[in-house]
Amino acid sequence: MNIFRLAGDMTHLASVLVLLLKIHTIKSCAGISLKTQELYALVFATRYLDIFTDFISLYNTTMKLIFLGSSFSIVWYIRNHKIVSRSYDKSQDTFRHYFLIIPCLLLALLVNEKFTFKEVMWAFSIYLEAVAILPQLVLLQRTRNIDNLTGQYVFLLGAYRALYILNWIYRYFTETHYVHWITWVSGLVQTLLYADFFYYYFESWKNNKKLQLPA
Amino acid sequence: QLQASPKDEL
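One line per chain: the protein sequences are A and B, in this order. Going by our numbering, 74 is the number at position 74 of the first sequence; the sequence numbering is gapless. Heads up: take any position in the second sequence, counting from 1, add 1000, and you land on our numbering.
Right, here's the structure in full:
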């Protein structure tokens, strides 16, 4: 494990904590896309099918359990919690899941490391994670006042992806036979989706203004 | 035989 990978994972963890903080303490999910959260739950459920069959490390298993548990509990909170669910604006969060799920599934059936159920599901989760942020980005554009926690949440998610790219570059040069086209290409696409958001995030930070994305 | 890589990343 290199420093970029660890920093990436910690940033990912921090993004989840920021979102949980918003939900638990402020009891609000305003500006958060349930569609994106449901897609993430599906991403982790399909990627970590190996959790009980392939042991990599205690760190790996613990992180998997954290991401599975947090993603499903976030979905539960937004859908079912008495107070939190009231702040969810369904009319703004209109992205359709299957526009993303079906193409990712077809791609996973065509492009995978091995044609087995586990490997197809793994490839599907990689493709789906790459585009799962789209409903959230669409919702951000529609939101007039993006609160700080929501802005930080999306920023941390983007930073996590950027750090993973540095991790891959590092591993490519330090490990033999480290080539992973599926994760690299999807990861690059995923990070590029944040480019526009990053631009406005830094602009608002530089000018000390509230974050707002142009429609 | 196509070999799937070990998945050590999250």
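Note that beta-carbon positions come from the ideal geometry of N, C-alpha and C, so glycine has one too. Keep in mind it's a predicted model, so treat the numbers as computed, not measured.
Burial state of residue i (16 or more Cβ within 10 Å)
i	result
A/A195	exposed
A/T176	exposed
A/M121	buried
A/R47	buried
A/F202	exposed
A/G69	exposed
A/Y59	exposed
A/K82	exposed
A/Q92	exposed
A/K35	buried
A/A130	buried
A/A215	exposed
A/K90	exposed
A/K206	exposed
Cβ distance (whole Å) where residue i is taken to contact residue j below 8 angstroms
i	j	result
A/R161	A/Q190	5 angstroms
A/Y153	A/V18	5 angstroms
A/L128	A/L100	7 angstroms
A/S85	A/R79	6 angstroms
A/L193	A/I133	6 angstroms
A/I56	A/I23	Rounded, the Cβ-Cβ distance is 30 angstroms, inconsistent with contact.
A/L39	A/H97	7 angstroms
Contact under 8 angstroms by Cβ, residue i with residue j
i	j	result
A/P135	A/S71	no
A/L211	A/A7	no
A/L140	A/L213	yes
A/K118	A/D9	no
A/E113	A/I182	yes
Spatial neighbours of residue i in its chain, beta-carbon cut-off 6 angstroms, leaving aside the 5 residues before and after
i	result
A/T150	G31
A/L166	F4
A/Y178	R171, Y172
A/S186	I126, Y127, A130
Short CB-CB distance (under 8 angstroms) between residue i and chain B
i	result
A/N148	no
A/E175	no
A/K2	Looking at the sequence provided, one finds Asn at residue 2 of chain A rather than Lys. Closer than 8 angstroms: no.
A/N60	yes
A/D9	yes
A/E113	yes
A/V63	Looking at the sequence itself, residue 63 of chain A is Met, so the reference to Val does not match. With 8 angstroms as the cut-off, A/M63 counts as an interface residue toward chain B.
A/W122	yes
A/F67	yes
A/I165	no
A/H24	no
A/I74	no
Neighbourhood of residue i by C-beta, 8 angstroms cutoff - its chain only, sequence neighbours within 5 removed
i	result
A/I66	L13, V16
A/F198	F155, G158
A/I146	G31, L140, K210, L211, Q212, L213
A/N2	N167, Y170, R171, T174
A/C29	K22, I23, Y77, I78, V84, S85, S87, Y88
A/L105	F124
Sequence-distant residues of the same chain with beta carbon closer than 7 angstroms to residue i, five excluded per side
i	result
A/T11	L156, A159, Y160, L163
A/L107	Y127
A/S125	V43, T46, R47
A/V138	F95
B/Q1001	Residue placement at B/Q1001 is flagged as unreliable, the pLDDT there being 49, under the threshold of 50; the coordinate-derived value follows with that caveat. Around B/Q1001: no qualifying Cβ.
A/M63	D9
Min CB distance residue i to chain A below 8 angstroms
i	result
B/K1007	yes
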